[in-house]
Ligand code: SAM
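Residue numbers (the numbering used here): 2 to 342.
What follows is the structure, given as C-alpha cells:
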C-alpha cells in the first residue's frame with residue numbers, strides 16, 4: 002500500500018510539474034540549443050559556450066541545460082553538455098524527423114490557448130479571441146491563414162507531424178490495386194509524398210485551400226516525385242478531384258458530425274464502388290479512457306471532436322463505406338480503411 006501511495010504521489014508530482022517540463026522543451030527548441038550542440042565540432046560544449054551561441058545569460062542557460070539533462074533531453078559528460086542521441090533527430094530544426102515545427106506550434110499557439118482553459122471549460126469554446134485578440138469563426142481562414150507568419154508556423158507544425166507519421170500511415174494498408182489518390186486537406190504535401198513513395202503505382206493529388214497551395218513550393222522535397230500534383234479548392238464547396246482513394250489525415254477531428262457528413266457525402270458521390278476512404282487520426286479507445294494525447298488535444302479544439310475507430314466507422318457507414326481494416330500504428334496517428342459498396 003505504501004508503494005502504491007508513493008506511486009500516486011509521484012504521478013501527482015509529474016502532473017503538477019508537467020507544464021514546466023513542456024516549456025523547457027519549447028524554450029530550448031526555440032533558442033536552438035539542440036542545433037548549437039549538434040553543430041559544435043566535438044558535439045560537446047560548456048554551458049558558457051552554449052550561452053554565447055544562443056545569446057542568453059550564463060545563469061539562465063545553465064539552469065535551462067540542467068533542466069534539459071534532468072528531463073533526458075541532454076546528457077552531461079565529463080567534459081560538458083552533450084545532445085541526447087536518442088531524441089536528437091526529433092529536436093533539431095531540420096532533418097526528416099524534426100518535430101520542431103510542432104513544438105513551436107505548441108509554444109506559440111497551444112500554450113496561450115491552454116492558459117485560458119478554465120474559461121474554455123466554463124464556456125465550452127476555444128479561447129482564440131482571449132488569447133490572440135481575434136475571433137476565429139472560421140478556424141483556418143481566420144485563425145491560421147490571415148497572417149503570413151502564423152500560416153507558415155501552422156504549416157510547419159503539420160509538416161513535421163506528417164513527416165514523422167506519414168510512412169506508417171502510408172504503409173498501413175495494401176493499396177496496390179489503386180491508381181489514384183486524393184489527399185484532402187493535405188497541407189504541405191508531406192503525407193502525399195509519403196504515399197507516392199510507398200506505392201509506386203499511385204498518383205496523388207494534394208487538395209487544400211488556395212492560401213495553403215500557394216505556399217507548397219516552400220515544402221517541396223528536393224527529390225519531389227512528379228506523381229504528386231496540387232489542386233486548390235474548398236472541400237465543403239468545390240468539386241473534389243476524382244480518385245480511387247480519398248485520404249483524410251487529421252481532417253475529420255476538426256469538424257462537427259454535421260460538417261463531417263457534408264464532406265463524406267461529397268466523397269461518396271465522387272466514389273465508384275470499390276474506391277476507398279482512408280482516415281488517419283488519433284483513435285480514442287472505445288471506452289474513451291484514452292489515449293490522453295487525443296483527449297488533451299480536444300480541450301483546445303473549436304467545433305471538432307475526437308472520436309474512436311468505431312465512431313469513424315459509423316460515420317463512414319452512413320455514406321455507404323464498409324470498414325475493411327483498422328490499424329493502430331503506434332506512431333502519432335492511427336488509420337482506418339473503408340471501401341465504397
Ligand atoms: N492532412 C494534413 C496532415 O495530416 O498533416 C493536414 C491536417 S490540418 C489539421 C487540416 C488541413 O485541412 C489544413 O491543411 C487546412 O488548410 C485544410 N482545410 C481546412 N479547411 C479546408 C477546406 N474547407 N477545404 C480544403 N482544405 C481545408
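Idealized CB from N, CA, C, for every residue including glycine. Predicted model only: the values in this text are computed from it and were never measured.
With respect to the 9 Å criterion, residue 332 and residue 209 are not classified as neighbours on the basis of their beta carbons. For residue 25, the uninterrupted alpha helix (DSSP H) segment begins and ends at 3-31. DSSP links residue 208 through a beta bridge to 185 and 232. Judged by DSSP in its simplified three-state form, residue 107 adopts helix. In this structure, DSSP gives residue 173 a state outside helix and strand, which the three-state scheme calls coil. Considering only 212, 246 and 262, the residue with the shortest C-alpha distance to residue 337 is 246.
Ligand 1 never approaches residue 231 closely enough for any of its heavy atoms to be under 8 Å from the residue's Cβ. Put simply, the backbone Cα of residue 141 is about 48 Å away from that of residue 80. Between residue 53 and residue 249, the alpha-carbon positions lie close to 45 Å from each other. With 16 or more other Cβ atoms from the protein chains shown falling within 10 Å of its own Cβ, residue 184 counts as buried.
Remark: the shortest separation between the CB of residue 131 and any heavy atom of ligand 1 does not fall under 8 Å. Exclusion of the five residues before and after residue 214 leaves 231 and 233 as the residues of its chain whose Cβ lies within less than 7 Å of its Cβ.
Between residue 334 and residue 166, the C-beta spacing is below 9 Å. Pairing residue 94 with residue 35 gives a Cβ-Cβ distance under 9 Å.
Rounded to whole angstroms, residue 318 and residue 74 show a C-alpha spacing of 44 Å.
When C-alpha distances from residue 102 are compared across 219, 178, 162 and 342, the shortest belongs to 162.
Not a single heavy atom of ligand 1 lies less than 8 Å from the C-beta of residue 268.
Considered as a whole, the stretch 112-183 harbours 112-115, 118-124, 129-133 and 149-171 as its complete alpha helix (DSSP H) runs of no fewer than 4 residues, in chain order.
Within the DSSP bridge table, the entry for residue 247 names 183 and 278 as partners. Counting C-beta pairs closer than 8 Å gives fewer than three between the stretch 103-115 and the stretch 182-199, which falls short of the contact rule.
The beta-carbon distance between residue 340 and residue 295, rounded to whole angstroms, is 25 Å. This is too long to meet the 8 Å contact definition. Annotation for residue 325: the continuous beta strand (DSSP E) segment containing it runs 322-328.
With respect to the C-alpha of residue 21, the residue from 186, 108, 131 and 268 having the closest C-alpha is 108. Taking the C-beta atoms as reference points, residue 186 is found no nearer than 9 Å to residue 283.
Residue burial is scored here from C-beta neighbours: residue 195 has at least 16 other C-beta atoms within 10 angstroms and is therefore classed as buried.
Using a 10 angstroms sphere on the CB of residue 129, the tally of other CB atoms reaches 16 or more, which defines it as buried. Going by C-alpha positions, residue 137 is about 44 Å away from residue 46.
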